[in-house]
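Following: one structure in structure tokens, then a few remarks.
Residue numbers (the numbering used here): 12 to 175.
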């Protein structure tokens with residue numbers, strides 16, 4: 012059985028993330044979508060909320076070989092724990108390759124785990140979690156950029172930011 016891991020902060024999960032996850036699920040027996048908790052970042056959504064949003068977004072997509080979880084440790088440690096031999100990362104046009112290549116080389120050294128890069132779908136390659144949050148903060152419509160279940164949660168999180 013070939014197991015892949017699709018790690019990310021997923022804050023929030025976007026249509027681009029879901030596209031990469033679904034395409035990945037066609038190639039591997041089991042795919043673990045892993046919310047990677049980075050202590051250096053302050054996410055908009057809690058770890059638990061991000062996991063639940065991804066589960067909800069995937070439940071209507073008939074991807075039975077996908078598991079969603081989180082980790083606070085190294086992705087390579089998670090890979091060892093579940094027996095994954097590959098990490099799958101989506102790439103957009105904006106320099107993702109340069110940023111991801113260094114991590115891929117370190118991951119191979121740490122755990123003998125290969126990294127597979129999947130290019131983003133052309134109609135989604137401009138979307139990132141940061142752009143979604145920025146557009147939403149300025150009152151823009153993020154419909155189509157994120158799963159529908161994210162939109163009310165994003166509005167609620169932004170209202171909470173304003174009150175803080």
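All residues carry an ideal CB built from backbone N, CA and C; glycine is no exception.
Query, Result
"8 Å Cβ cutoff met for residue 43 and residue 67", "no"
"Whole-Å CB distance - residue 81 paired with residue 63, under 8 Å assumed", "Actually they do not touch by this definition, with Cβ atoms about 10 Å apart."
"For residue 126: DSSP bridge partner residues", "98"
"Distance CB(residue 129)-CB(residue 37) smaller than 8 Å", "no"
"CB of residue 97 within 8 Å of CB of residue 125, strictly", "yes"
"Per DSSP, cross-strand counterpart(s) of residue 46", "19 and 81"
"Three-state class that DSSP yields for residue 14 in the structure shown", "strand"
"Range of the contiguous alpha helix (DSSP H) that encloses residue 141", "140-148"
"For residue 157: DSSP bridge partner residues", "154"
"Candidates 136, 166 and 159: closest to residue 144 by CA position", "166"
"Own chain, CB closer than 8 Å to residue 119, minus 5 neighbours either side, in chain order", "125 and 126"
"Bounding residues of the alpha helix (DSSP H) (the contiguous stretch that carries residue 90)", "86-93"
"Contact under 8 Å by Cβ, residue 50 with residue 91", "no"
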